[in-house]
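Asker: The following block contains the structure, expressed as structure tokens.
Chains as they are written, first to last, in the numbering used here: chain A, 1162 to 1276; chain B, 291 to 404.
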């Protein structure tokens, strides 16, 4: 079974600064998807960014970008120009693209933004 | 466009009882997945339904069962509740089955078993 590891239970960053959240995963598959989800106190999971494993180019969505290192099985999220609204739990997730296995989530990183 | 909704928001049950949680998918979405999120943990996949048929199941016992209706709304049923079933239950819908389609999550139902 695949595993997703987020080794930083909590992170904090000053408003307007940059922060990087780490994620590693274990798989024997060559094609898969990786995701970062944000879960604010409202509890509703929101997709932040997605990376397809066969694409070498790192995904970017406005202030959010990833550093995808396939050989190292690493998938970090960089948040630039941090804003108060970025405060939330962030979950890394893996999708193996197989019939009977769906999203596997990490344990999350709680991000605090310091004004 | 209406988002994914779940009911109830909170629920308290006693060990041994049965519970039904409901999810209304986003308009036009034919795929729904259910997840269990224990306190301080990431969500764990329970099962997925596509066009009213189960399409994959995680490592959960048979007392966790589900239904998807013709209008693509969905239910999660849990029988013989145990204390460890206390968690946030999330449903997520997507336009189609393929992983390339984004999953949209509901706000969850917080279940407490005493």
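Cβ coordinates follow ideal geometry from the N, Cα and C atoms, glycine included.
Would you tell me roughly how many angstroms separate the C-alpha atoms of residue 394/B and residue 300/B, rounded to the nearest one?
Answerer: Approximately 20 Å between the Cα atoms of the pair.
Asker: In three-state DSSP terms, what is residue 1247/A?
Answerer: Looking at residue 1247/A - three-state DSSP - the assignment turns out to be helix.
Asker: Please specify which runs of the beta strand (DSSP E), each continuous and at least 3 residues long, are wholly inside the segment 1170 to 1198 of chain A, giving them in chain order.
Answerer: Correct list: 1171 to 1175, 1180 to 1182 and 1185 to 1187.
Asker: Under a CB-based cut-off of 7 Å, is residue 1263/A close to chain B?
Answerer: With 7 Å as the cut-off, residue 1263/A counts as an interface residue toward chain B.
Asker: Exposed or buried, which one is residue 1199/A when buried takes at least 16 other CB atoms within 10 Å?
Answerer: Classification of residue 1199/A: buried, given that the 10 Å Cβ count is 16 or more.
Asker: Is there a Cβ of chain B sitting closer than 7 Å to that of residue 1221/A, yes or no?
Answerer: It does not; no Cβ of chain B falls within 7 Å.
Asker: With a threshold of 8 Å, are at least 3 pairs of Cβ atoms found where one atom belongs to the segment 296 to 313 of chain B and the other to the segment 1214 to 1223 of chain A?
Answerer: Judged by Cβ distances under 8 Å, the segment 296 to 313 of chain B makes no contact with the segment 1214 to 1223 of chain A, as fewer than three pairs qualify.
Asker: Rounded to a whole number of angstroms, what is the C-alpha to C-alpha distance between residue 1123/A and residue 343/B?
Answerer: Here chain A has residues from 1162 to 1276 only, and residue 1123/A is not among them.
Asker: State the start and end residues of the unbroken beta strand (DSSP E) segment that holds residue 243/B.
Answerer: Not covered by the structure: residue 243/B. The range shown for chain B is 291 to 404.
Asker: Here's a check: name, in chain order, each residue in its chain whose Cβ is nearer than 7 Å to the Cβ of residue 1173/A, leaving out the five neighbours to either side.
Answerer: Cβ neighbours of residue 1173/A beyond the five flanking positions: 1273 and 1275.
Asker: What number of angstroms, rounded off, separates the C-alpha of residue 308/B from the C-alpha of residue 338/B?
Answerer: Distance between the alpha carbons of residue 308/B and residue 338/B is about 20 Å.
Asker: Could you work out which residue in 1212/A, 1243/A and 1250/A is closest to residue 1258/A when comparing CA atoms only?
Answerer: The shortest Cα separation from residue 1258/A among 1212/A, 1243/A and 1250/A belongs to 1212/A.
Asker: Select from 378/B, 327/B, 388/B and 374/B the residue whose C-alpha is nearest the C-alpha of residue 305/B.
Answerer: Residue 374/B is the option with its Cα nearest to residue 305/B.
Asker: Short of 7 Å in beta carbon distance, which residues of its chain neighbour residue 335/B, apart from the five on each side in sequence? Order them along the chain.
Answerer: Cβ within range, chain order: 323, 325 and 348.
Asker: Is the Cβ of residue 1206/A closer than 7 Å to any Cβ of chain B?
Answerer: So, interface residue.
Asker: Between residue 335/B and chain A, is there a C-beta pair that is closer than 7 Å?
Answerer: Yes, residue 335/B lies at the interface with chain A (some Cβ there is under 7 Å from its Cβ).
Asker: Among the residues of its own chain, which have a CB less than 7 Å from the CB of residue 1165/A, if the five just before and after it don't count?
Answerer: Counting only Cβ-Cβ distances below 7 Å, and skipping sequence neighbours, we find 1184, 1186, 1253, 1254, 1255, 1265, 1266 and 1267.
Asker: In this structure, what does DSSP give as the bridge partners for residue 303/B?
Answerer: Answer is 403/B.
Asker: From residue 302/B to residue 315/B, what does the alpha carbon distance come to, in whole angstroms?
Answerer: Going by the C-alpha atoms only, they are around 24 Å apart.
Asker: Using only alpha-carbon positions, find the residue among 330/B, 402/B, 345/B and 366/B that is nearest to residue 372/B.
Answerer: Answer by Cα proximity: 402/B.
Asker: Going by DSSP, which residues form a beta bridge with residue 310/B?
Answerer: Note: residue 310/B sits in a beta bridge opposite 367/B.
Asker: Rounded C-beta distance between residue 346/B and residue 1204/A? I'm assuming under 8 Å.
Answerer: Incorrect: roughly 24 Å between the Cβ atoms, too far for contact.
Asker: Who are the neighbours of residue 1246/A on chain B, taking C-beta pairs under 7 Å?
Answerer: The premise fails here: residue 1246/A is roughly 17 Å from chain B at the closest Cβ pair, so nothing lies under 7 Å.
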